[in-house]
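Enquirer: One structure, pasted below without further comment.
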Amino acid sequence: MTMSTTAVLHSEWIKIKSVRSVSGSLIAVFAATLFVTVFASSTVGQAEADNPGNDPLFSAFYALNFGQIAAISFGATALSSEFLNGALRTSLTAVPSRSLFYVAKMAVVGGLALVVGLITSFATFLVGQLFMGEYAIRLEEPGALRAAFGGGVYLALMALFAAGLTAVLRSALAVLSLLIPFILIVSFVVGGVAGGVAQYFPDQAGQLVLHAHQEGGLGPWTGLGVTAGWAGVALVAGWWTLRKRDA
Amino acid sequence: MTSIDVHELTKDYGTKRAVDHLTFSVRPGRVTGFLGPNGAGKSTTMRLVLGLDRATGGSATIGGRPYTSLGNPLRRVGALLDAQAAHGSRTARNHLLTLAASNGIAAGRVEEVLVEAGLGSVGGRRIKTFSLGMRQRLGIAAALIGDPEVVMLDEPSNGLDPEGIIWIRELVRKLAGEGRTVLVSSHLMNETSSFADHLVVLGKGRLLVDMPMRDFLESRSRPGVRLRTTEPTRLRDALLRKGYEPAQGDDGCWAVAGASAEEIGVLAAIEGIPLLELMAEQATLEEAYLDLTSTETEFAATKFPLADQEA
Chain P
1 MTMSTTAVLH SEWIKIKSVR SVSGSLIAVF AATLFVTVFA SSTVGQAEAD NPGNDPLFSA
61 FYALNFGQIA AISFGATALS SEFLNGALRT SLTAVPSRSL FYVAKMAVVG GLALVVGLIT
121 SFATFLVGQL FMGEYAIRLE EPGALRAAFG GGVYLALMAL FAAGLTAVLR SALAVLSLLI
181 PFILIVSFVV GGVAGGVAQY FPDQAGQLVL HAHQEGGLGP WTGLGVTAGW AGVALVAGWW
241 TLRKRDA
Chain E
1 MTSIDVHELT KDYGTKRAVD HLTFSVRPGR VTGFLGPNGA GKSTTMRLVL GLDRATGGSA
61 TIGGRPYTSL GNPLRRVGAL LDAQAAHGSR TARNHLLTLA ASNGIAAGRV EEVLVEAGLG
121 SVGGRRIKTF SLGMRQRLGI AAALIGDPEV VMLDEPSNGL DPEGIIWIRE LVRKLAGEGR
181 TVLVSSHLMN ETSSFADHLV VLGKGRLLVD MPMRDFLESR SRPGVRLRTT EPTRLRDALL
241 RKGYEPAQGD DGCWAVAGAS AEEIGVLAAI EGIPLLELMA EQATLEEAYL DLTSTETEFA
301 ATKFPLADQE A
């Protein structure tokens, strides 16, 4: 008799919803993004839109910068809860196939992040535009639908990237103190200077999908693909680590 | 029925050998006590049986199959390894629910085992608010959730109050009585002697003893009797004539080494000396264990462990 994949997925879903810091991070993806959207677009939104060279589409998704921090926290805490106090032993006693356990967990993390990411991305666009008055753009605008959809995928990929890294490093604290400064400082600063290389950073590449027009060498979907590559490498590294190490 | 079979099991951590060519079987229908000082390899062996750690050599199977190849293993094997191994932010009920869900166990079992473990009223509380004893009970509830044929408990009485210790004792006796295979590790001798039928003793990762507890006690006992009499002087002379060397204890009892109760009882009757008490002395498990360890050179530098939990 083999184990039921559905049953293991169900178990992973209960694990996520029953730990407040994990489910809270997921809710924060939506809540933080919407809050910043409403706050920013209702105050400085129209003034910013008036600036020459402003990309109104990219600006519409400005708040995803905050949502992605929550998405990273969600991915990291969902995995790190297994590495606390040897909880992993209990989990692997229930599901001894490490690949099944890992794939099921990542599927639930990725699936939830994708659903919440898409809702967040579309909601932030639609709600944000309510405050933009004459500068408002609509979903029918060129690239808008692609950006809204891509923004949701981007959030899910960042959550999976963090989740994979956490499986390698076995600590949410390590991953968060690595990724968040990277995204807030290194990528932001180096991104302005280094040009060519920086567009391949996981956050910079993925956010290309939010721009109205292609900038630099990577197209919107290619950029998102680069982020998917980062997430993929992290996921495989996490799987490898889990399979090789003693629990 | 289902046995745990460990064959030539070996585990190295770096250069340190934690388990060294270990071979033994745990049979159904009895409680097997798993003894040895801290660091002897008891917990490591249990983790190897559960496939959590990878063996350097040898095999460990349950019913002839490696644990990792069992489908829905919680229905076959229940294990308590470490009472701390649960996420503190989860409620006890949700913790058990994640286990039940993954193995296709009805959610109703969660309430049943919570009640069975004496946690019926605190299932909705978060685990981090639990005392060590309550976590231990939760760990046992988790082990029982799949109604398994094989139960492995690592130091189950750790942190339990006296009622809890009695509960564990009766629980493991009941599980073995139902024909299940029960392995219980401990470093507390009196505790183990109260429930074990069979003993597996490890020292430095190697097997020292694998035999019924009764045989182990007999093999390590020097026969003797204790007695009380109203005429100590006459009895003493009679015993000396027979070549025994009676010694008087502080409490007025006499101890006669090398004698059996049958011999002394008959002797006293022939001599017409009234006996108020006559008792064959048998070594306690603690004495037998210490006798074993004093003869095993690898224990020479190892002090008998006190009540600290094995890592």
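In order, the protein sequence lines correspond to chains P and E. Residue numbers for the first sequence, in the UniProt record's numbering: 1 to 247. Residue numbers for the second sequence, in the UniProt record's numbering: 1 to 311. The C-beta atom is built at its ideal place from N, Cα and C for all residues, glycine as well.
Enumerated in chain order, which unbroken segments of the alpha helix (DSSP H) with a length of 4 residues or greater are wholly contained in the region 65–128 of chain P?
Expert: Listed in chain order, they are 87–94.
Enquirer: What runs of the alpha helix (DSSP H), each 4 residues or longer, lie entirely inside the region 33–120 of chain E?
Expert: You should have 42–49, 92–102 and 108–116.
Enquirer: Contact check, E/A107 vs E/A100 under 8 angstroms by CB: the rounded distance?
Expert: For this step, residue 107 of chain E is matched to residue 107 along the second sequence. For this step, residue 100 of chain E is matched to residue 100 along the second sequence. With a Cβ gap of about 6 angstroms, E/A107 and E/A100 count as contacting.
Enquirer: Using CA atoms only, rank isn't needed, just tell me which of E/S221, E/V225, E/D20 and E/N158 is closest to E/G58.
Expert: Position 58 of the second sequence, counting from 1, holds the residue named residue 58 of chain E. The shortest C-alpha separation from E/G58 is found at E/D20.
Enquirer: Please state whether DSSP places P/S177 in a helix, a strand or coil.
Expert: Counting from one through the first sequence, the residue named residue 177 of chain P turns up at place 177. Reduced to three states, the DSSP call for P/S177 is helix.
Enquirer: On the CB-based measure, 16 or more other CB atoms within 10 Å of its CB, does E/L276 come out buried or exposed?
Expert: As a first step, residue 276 of chain E is located in the second sequence; it is residue number 276 there, counting from the start. So E/L276 counts as exposed.
Enquirer: Below 8 angstroms, how does it come out for the region 90–97 of chain E and the region 29–47 of chain E: are there three or more Cβ pairs, yes or no?
Expert: Judged by Cβ distances under 8 angstroms, the region 90–97 of chain E makes no contact with the region 29–47 of chain E, as fewer than three pairs qualify.
Enquirer: In this structure, how does DSSP classify P/S23 when only helix, strand and coil are distinguished?
Expert: One-based indexing of the first sequence puts residue 23 of chain P at position 23. Helix at P/S23.
Enquirer: List, in chain order, every chain P residue whose beta-carbon is nearer than 9 angstroms to that of E/Q136.
Expert: Reading the second sequence from its first residue, position 136 is the one you call residue 136 of chain E. None at all; the shortest Cβ gap to chain P is about 14 angstroms.
Enquirer: So, is E/D215 buried or exposed, given that buried needs 16 or more other C-beta atoms within 10 angstroms?
Expert: To locate residue 215 of chain E, count along the second sequence from 1; it is residue 215. With fewer than 16 Cβ atoms within 10 Å of its Cβ, E/D215 is classed as exposed.
Enquirer: When you check each C-beta in the region 92–116 of chain E against every C-beta of chain P, which residues fall closer than 7 angstroms?
Expert: Going along the region 92–116 of chain E in chain order, one finds N94, L97, T98, L99, A101, S102, N103 and G104 with a Cβ nearer than 7 angstroms to chain P.
Enquirer: Could you have a look at E/S193 and say whether DSSP puts it in helix, strand or coil?
Expert: Taking the second sequence and counting its residues from 1, one reaches residue 193 of chain E at position 193. In the structure shown, E/S193 sits in a helix (DSSP, three-state: H, G or I).
Enquirer: Counting contacts by CB-CB distance shorter than 7 angstroms, is P/A94 in contact with chain E?
Expert: In the first sequence, residue 94 of chain P corresponds to position 94, counting from 1. Judged by the 7 angstroms Cβ criterion, P/A94 is in contact with chain E.
Enquirer: Looking only at its chain, what residues have a beta carbon closer than 7 angstroms to the beta carbon of E/R109, apart from the 5 residues adjacent to it on each side?
Expert: Residue 109 of chain E sits at position 109 when you count from the first residue of the second sequence. Closer than 7 angstroms at Cβ, skipping near neighbours: A100 and I145.
Enquirer: Between E/T10 and chain P, is the shortest Cβ-Cβ distance under 7 angstroms, so that the two count as touching?
Expert: Translated into the one-based positions of the second sequence, residue 10 of chain E becomes position 10. It does not: the Cβ of E/T10 has no partner Cβ on chain P nearer than 7 angstroms.
Enquirer: Would residue 248 of chain P pass as an interface residue toward chain E - the criterion being a Cβ-Cβ separation below 7 angstroms?
Expert: With chain P represented from 1 up to 247, any question about residue 248 of chain P goes unanswered, as that position is not in the structure.
Enquirer: Check distances from the C-beta atoms of the region 13–31 of chain P to those of chain E and list, in chain order, the residues that come in under 9 angstroms.
Expert: Per Cβ criterion, the list reads W13, I14, K15, K17, S18, V19, R20, S21 and V22.
Enquirer: Can you check which of these residues, E/R169, E/L153 and E/G124, is closest to E/S185 by C-alpha distance?
Expert: Locating residue 185 of chain E in the second sequence gives position 185, counting from the first residue. It is E/L153 whose Cα lies nearest to the Cα of E/S185.
Enquirer: One question on the structure: do P/F161 and P/W239 come within less than 7 angstroms of each other, judged by their Cβ atoms?
Expert: Against the first sequence, residue 161 of chain P aligns to sequence position 161. Against the first sequence, residue 239 of chain P aligns to sequence position 239. Against a cut-off of 7 angstroms, the Cβ pair of P/W239 and P/F161 comes out as no contact.
Enquirer: Just verifying my parser: in three-state terms, what is the DSSP assignment at E/D308?
Expert: What you label residue 308 of chain E is simply residue 308 of the second sequence in a count that begins at 1. Reliability of the predicted coordinates at E/D308 is poor, the pLDDT of 44 falling under 50, and the value obtained from them is presented with this limitation in mind. Three-state result, E/D308: coil.
Enquirer: By a C-beta neighbour count over all protein chains shown, 10 Å radius and 16 as the cutoff for buried, is P/F74 buried or exposed?
Expert: Mapped onto the first sequence, residue 74 of chain P falls at position 74. Classification for P/F74: buried.
Enquirer: Residues in its own chain within less than 6 angstroms of E/A18 by CB, not counting five upstream and five downstream?
Expert: Here the question's residue 18 of chain E lines up with position 18 in the second sequence. The residues are K11, G41, T44 and G205.
Enquirer: As a quick exercise: from P/G24, P/K105, P/F131 and P/L210, pick the residue whose alpha carbon is nearest that of P/S42.
Expert: Here residue 42 of chain P is taken as the residue at index 42 of the first sequence, counted from 1. It is P/F131.
Enquirer: Compute the Euclidean distance between the alpha carbons of residue 264 of chain P and P/R20, then round it to the nearest angstrom.
Expert: The shown model of chain P, from 1 to 247, leaves out residue 264 of chain P, and the question about it has no answer.
Enquirer: Give the interface partners of E/A85 over in chain P, defined as CB-CB distance under 7 angstroms, in chain order.
Expert: Start at 1 with the first residue of the second sequence, and residue 85 of chain E comes out as number 85. In chain order: N85, G86, A87, R89 and T90.
Enquirer: Starting from E/R173, follow the beta strand (DSSP E) in both directions and report where the run begins and ends.
Expert: The count along the second sequence starts at 1 and reaches residue 173 of chain E at position 173. From DSSP, E/R173 is part of no beta strand (DSSP E) but of the alpha helix (DSSP H) over P162 to G177.
Enquirer: In whole angstroms, what is the alpha-carbon distance linking E/S3 and P/T90?
Expert: Here residue 3 of chain E corresponds to residue number 3 of the second sequence, with the count starting at 1. Here residue 90 of chain P corresponds to residue number 90 of the first sequence, with the count starting at 1. About 22 angstroms.
Enquirer: Enumerated in chain order, which unbroken segments of the alpha helix (DSSP H) with a length of 4 residues or greater are wholly contained in the region 271–299 of chain E?
Expert: For the region 271–299 of chain E, whole alpha helix (DSSP H) runs of length 4 or above, ordered along the chain, are 285–295.
Enquirer: According to the neighbour-count rule (16 or more other Cβ atoms, all chains shown, within 10 Å of its Cβ), is E/G64 buried or exposed?
Expert: As a first step, residue 64 of chain E must be located in the second sequence, where it is residue number 64. So E/G64 ends up on the exposed side.
Enquirer: Is the Cβ of P/F3 closer than 7 angstroms to any Cβ of chain E?
Expert: The residue given as residue 3 of chain P occupies position 3 in the first sequence. Note that residue 3 of chain P corresponds to Met in the displayed sequence, not to Phe. Yes - at least one Cβ of chain E is within 7 angstroms of the one on P/M3.
Enquirer: Counting only beta-carbon separations shorter than 7 angstroms, does E/A143 have a partner in chain P?
Expert: To locate residue 143 of chain E, count along the second sequence from 1; it is residue 143. Chain P, which has no Cβ nearer than 7 angstroms to the Cβ of E/A143, makes this no.
Enquirer: For E/L294, does the count of other Cβ atoms within 10 angstroms reach 16, so buried, or fall short, so exposed?
Expert: To locate residue 294 of chain E, count along the second sequence from 1; it is residue 294. A small correction: the amino acid at residue 294 of chain E is Ser; Leu does not occupy that position in the sequence shown. With fewer than 16 other Cβ atoms within 10 Å, it is exposed.
Enquirer: Taking just the CA atoms, how far does E/F195 sit from P/M106?
Expert: Position 106 of the first sequence holds residue 106 of chain P. Position 195 of the second sequence holds residue 195 of chain E. Cα to Cα, P/M106 sits roughly 44 angstroms from E/F195.
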